[in-house]
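Chemist:
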Amino acid sequence: MTTSAQYVYTFAEGSRDMAALLGGKGAGLAEMTRLGLPVPPGFTITADACRVYLATGQEPSGMGLQAAHALAELETAMGRSLGGPDDPLLVSVRSGARFSMPGMMETILDVGLNDRSVTGLAKVSGDERFAWDSYRRLVQMFGHTVMGVDGELFDRALADHKARRGASGDHELDAGELILLTDEYKDLVRAQTGEDFPQDPEEQLARAVRAVFDSWNAERARIYRRREHIPEDLGTAVNIQAMVFGNLGHDSGTGVAFTRDPATGERGVYGDYLPDAQGEDVVAGVRDALPLTELKRIDRGVYAELGDHLRTLEGHYRDLCDVEFTVERGKLWILQTRVGKRTAEAAFRIAHDLCRENVITADDALHRVDGTALTRLMFPRFDTGSGDRPLAHGVPASPGAAVGVAVFDSAEAVRRAAAGDRTVLVRRETTADDLPGMIAAQAVLTSRGGKTSHAAVVARGMGKVCVCGAEGLIVDTEARLFTTSSGVTVREGDTLSVDGTAGTVHRGALPLTASDVGRTLQTGTATDALTGAVLATLAHADEVRRLQVRANADTPEDATRARALGAQGIGLVRTEHMFLGERRPLIEAMILADDDTARDSALAALLPLQRADFTGILAAMDGLPVTVRLIDPPLHEFLPDHVDLAVRLARAAHPDPRDRALLDAVERMHEQNPMLGLRGVRLALTVPGLTAMQVRAIAEAVVSRLRDGGQPYAEIMIPLVGTVEELRLARAETERVLSEVSAETGTPLSCPIGTMIELPRAALTAGRIAEAADFFSFGTNDLTQTTWGLSRDDAEASFFPRYLERGVFPVSPFETIDRDGVGRLVELAVAEGRAARPGLETGICGEHGGDPDSIHFFHRAGLDYVSCSPFRIPAARLEAGRAALPEPADASETR
Ligand code: PEP
Ligand code: MG
């Protein structure tokens, strides 16, 4: 006899370590059951079962039987049978993947109700209205989710009934009206599907489970996964749990509670409570919830018990937890817990506070934050000194400052974003269908719902600015406008400023100013709890990291800024940036020179300018290494545009002979594919005097700094080398000039001379190249282009969006290093380079140097440093620290 795999676990069988199998929700329910918290009993069907179903279209063999056993056990425990006619057991059926995907997949409540059990429920609950309200909700949810009836049709029928009764809320419909409504819903289901709403409770359950499996592939779930980089093949578990009811009168209710404030990180229990309501009502924001502290007034005992459970959970998980709970006639039930999502600000504060409270170590605290969150905190905020009066106040649900034009539906936000506009998505409340618009918009503004509404939870998860429940706003989606309580009307296309930190909305674009965190990172002085937490966490990252962090900087100002942000040197000075602007004519003169004398005089004019640049940068980075790369781009990039020149010549009555010469040069130097053309070391070997001038400028700058008592450490870097022969020739020229300057000035000069590794051939022959290189710096921008055989600018503008959409790669290889391809070349070059030259210094100066995920790779690849733009330095320091930590034993999955 073959025994099939275990696809069903009762809550008593699972634990927090089983999130991959039971999903985050299932693992949380199991853990709470083990801790003895009051969890309605139930069981979880595993994500493995979902994967089999998605792959084959059928549940795995054995699953049905195992689920039937678990159900029987549940029925015994509850002393009731599913959908039993007199006292029915009802269950909820909820999705729960490994990573939380709020509102992206389906939930079906009240499974087990039918024409008979609804009467039984009415009798045992003593509340006919409640029973019929539950039944109509089931027909609605099941009809829509399982049977595919358009949800709008149900909404319309409900609205008609309310209008007939002059009712403003669902609450005002009595049992008689709800019976009629339920009948109407069932008719709707029959008319739309040709099938009756199923009366068999077990059929309801089986079909609801399948619908949850199917919802893994719903469009909104796919969009969410793509955005959050959640793998497509995880599948979702399904939780089947005995229903408890928060809508049984005033001694019942439902709520969401956090062990700390998920928006600010402030200590103290925090949440929303909705008396006499079902769980989904809080999230949907259909009625404004009360602050959780009100529960203390309503039922002191329940409030105290909830507080105890929250403390137990936070102590157990050693982190911010959130719970969904229901009070059924004075009895508290916990329906869900997880390590809660939080804003960037809260992440830093909570980690730091827990560390100070000795709940977690400094390493743990560092694990709990990341570079992306830190970067978010460095974004500018609105200048509050402007004295502008807000149009409206709401709940500050997700912090930050955003400016955009008002749009009133998801599609418009997407359409305008594609046209390059920044938008603010304004809705009464959001649902999962608004997800594409929320991604496209800069901010989300709603008129209903609290900090735990869909808009707030999803926006926080995405790091998107959000103000919700903005009091007094009347949003008219059809007319595409909203009006404020003082009568101001804002129409689609009007500019708004949304302050997610203060919870305010303003007309027009407010001025921005540096964030407190941005300022603190420059000054090193904390001004409040948040900045204190950021500095302490970064200090720990600096203590534990092995990777050094340098900056890509081309000016003394950038170098100074980078140094203040913690740069330990410059990993890349792109010298060509010094050839732009007013200096362009000098470069043009060099290109147009038709003999050595003319070229030498053009180069001689450039020399003092470059020397001054290098002197300034070396001064700003005094005592730290500065890696200067010799000119890289093809020279025609410094010439005017071909079309502009041709037009200018054609239009001129007396054409300028210089324009004619320039046009000739542009035509002569034209390349089909400049990225693979005459650039980098190829220029050094073919344009006489260019390398010599640059090396001389560097050497003379070093001498000048030495004479001023400075400590200049210049390193000279040769770009785009493909063979050691190129490097040998360029190196010989460089050494010759260094000795010349040394002899002329009587100053010994020892600048390391290294190369960039940015061609696959360079990586593959790194052992040879290392013979002539004092250091390697990986130019992963070019290395990615040349490994993939594509040009970044062209590809990003053409087929990349489609590739990302189709999952060819989960994230652009220009953003995050492609470990399997480009990454392997890096590892190979490091190993072979170091084998040939022990102690060879290696770094990376492509864009990936500031990317959190890539930094972890570079740490493991054994590089000595990463180099990135100044703004990204704090995040790079943080990630370099995180990369050096051992994996925590209980890595919490908070994404
Ligand atoms: C690189 O190729 O990664 C690099 C840093 O050089 P650039 O971006 O200037 O080509
Ligand atoms: Mg390059």
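Per this note's numbering, residue 2 is the first one in the sequence shown, and the count goes up by one each step. Backbone N, C-alpha and C define an ideal beta-carbon position, used for all residues, glycine too. Since the structure is predicted, the reported quantities are computational estimates derived from the model, not experimental observations.
From this set, Met622, Trp217, Asp555, which residue's C-alpha is nearest Tyr54's C-alpha?
Modeler: Trp217
Chemist: Measure the alpha-carbon distance for Thr502 versus Cys322 and round it to whole angstroms.
Modeler: When rounded, the distance between both Cα atoms is 22 Å.
Chemist: What is the C-beta distance between Met910 and Val9, in whole angstroms, given that I count them as a contact (C-beta under 8 Å)?
Modeler: The question about residue 910 has no answer here: the residues shown for the chain are numbered 2 through 896.
Chemist: Could you name the residues of the same chain whose beta carbon sits closer than 6 Å to that of Met2, not counting the 5 residues immediately before and after it, in chain order?
Modeler: With a pLDDT of 44 at Met2, under the threshold of 50, the modelled position of this residue cannot be trusted; read the value that follows with caution. Correct list: empty, nothing qualifies.
Chemist: Looking at the secondary structure, which residues open and close the alpha helix (DSSP H) in which His637 lies?
Modeler: No alpha helix (DSSP H) contains His637, which DSSP labels as neither H nor E.
Chemist: Would you decide whether Pro887 is buried or exposed? Buried here means 16 or more other CB atoms lie within 10 Å of its CB.
Modeler: exposed
Chemist: Based on Cα-Cα distance, which residue from Ala590, Val812, Arg357, Ser135 lies nearest to Ile180?
Modeler: Ser135
Chemist: Starting from the N-terminal side, write out each stretch of the alpha helix (DSSP H) that is 4 residues or longer and does not extend beyond the segment 86-143.
Modeler: 118-126
Chemist: Please return the same chain residues whose Cβ sits closer than 6 Å to the Cβ of Ala876, not counting the five positions on each side in sequence.
Modeler: Gly372, Leu375, Thr376
Chemist: Taking the DSSP output, what are the residues bridged to Thr687?
Modeler: For Thr687, which the question treats as bridged, DSSP gives no partner whatsoever.
Chemist: What number of angstroms, rounded off, separates the C-alpha of Ser93 from the C-alpha of Asp234?
Modeler: 25 Å
Chemist: Helix or strand or just coil, what does DSSP make of Lys332?
Modeler: In the structure shown, Lys332 sits in a strand (DSSP, three-state: E or B).
Chemist: Look at Ser705 and Thr616 and say whether their C-beta atoms are less than 7 Å apart.
Modeler: The Cβ atoms of Ser705 and Thr616 sit closer than 7 Å to each other.
Chemist: Tell me which residues share the same chain as Leu677 and place their Cβ nearer than 6 Å to its Cβ, disregarding the 5 neighbours each side in the sequence.
Modeler: none
Chemist: CA-CA distance, Thr724 and Thr766?
Modeler: Cα to Cα, the separation comes out at about 7 Å.
Chemist: With a threshold of 6 Å (Cβ to nearest heavy atom), would Gly723 be considered close to the ligand PEP?
Modeler: no
Chemist: Excluding the 5 residues preceding and the 5 following Leu614 in the sequence, name in chain order all residues of the same chain whose CB lies nearer than 6 Å to its CB.
Modeler: The question names Leu, but residue 614 in the sequence shown is Asp. Contacts found: Met579.
Chemist: Can you tell me which of the three DSSP states Met19 falls into?
Modeler: helix
Chemist: Tell me which residue opens and which closes the beta strand (DSSP E) that Arg1 is part of.
Modeler: This structure gives no information on residue 1, because the portion of the chain shown stretches from 2 to 896.
Chemist: Residues with a Cβ closer than 6 Å to any heavy atom of the ligand PEP, in chain order?
Modeler: Leu573, Arg575, Asp633, Glu759, Gly780, Thr781, Asn782, Asp783, Cys846, Gly847
Chemist: With three or more C-beta pairs closer than 8 Å as the rule, is the segment 747-755 touching the segment 798-818?
Modeler: Segments in contact, no.
Chemist: Given this structure, state the Cα-to-Cα distance separating Gly121 from Ser82, to the nearest angstrom.
Modeler: Taking the straight line joining both Cα atoms gives about 12 Å.
Chemist: Between the segment 475-486 and the segment 349-361, do three or more beta carbon pairs fall short of 8 Å?
Modeler: No, the segment 475-486 does not touch the segment 349-361.
Chemist: For Ser751, is the classification buried or exposed, using 16 other Cβ atoms within 10 angstroms of its Cβ as the cut-off for buried?
Modeler: exposed
Chemist: Exposed or buried, what is Pro689 when buried is set at 16 or more other beta-carbons lying within 10 Å of its beta-carbon?
Modeler: Of the other Cβ atoms in all chains shown, fewer than 16 fall within 10 Å of the Cβ of Pro689; this residue is therefore exposed.
Chemist: Can you look up Val667 in the DSSP assignment and give me helix, strand or coil?
Modeler: helix
Chemist: With DSSP as the reference, label Arg896 as helix, strand or coil.
Modeler: Its pLDDT being 38, under 50, Arg896 is placed unreliably by the model, and nothing is read from it.
Chemist: Taking the alpha carbon of Asp111 as the point to measure from, which residue in Ser96, Val119, Leu91 has its own alpha carbon closest?
Modeler: Leu91
Chemist: Within 10 angstroms of the Cβ of Ser411, are there 16 or more other Cβ atoms? Answer buried if so, exposed if not.
Modeler: By the neighbour-count definition (other C-beta atoms within 10 Å, threshold 16), Ser411 is a buried residue.
Chemist: Excluding the 5 residues flanking Leu333 on each side, which residues of the same chain have their C-beta closer than 7 Å to its C-beta?
Modeler: Pro39, Val303, Glu306, Leu307, Phe326
Chemist: Kindly indicate which three-state DSSP category Val396 falls into: helix, strand or coil?
Modeler: strand
Chemist: With distances taken Cα to Cα, identify the nearest neighbour of Arg520 among Phe214, Phe380, Ala290, Ala542.
Modeler: Phe380
Chemist: Since Leu446 is in the beta strand (DSSP E), which residue starts that stretch and which ends it?
Modeler: 444-447
Chemist: My guess is that Thr735 and Ile758 are in contact by the Cβ rule of under 8 Å, so how many angstroms apart are they, rounded?
Modeler: Not really, about 18 Å apart at Cβ, beyond 8 Å.
Chemist: Please report how far the alpha carbon of Thr895 lies from the alpha carbon of Gly582, in whole angstroms.
Modeler: A caution first: Thr895 carries a pLDDT of 38, below 50, which makes its placement in the model too unreliable to give a value.
Chemist: Please classify Ser5: is it buried, with 16 or more other beta-carbons within 10 angstroms of its beta-carbon, or exposed?
Modeler: Around the Cβ of Ser5, a 10 Å sphere holds fewer than 16 other Cβ atoms; the residue is exposed.
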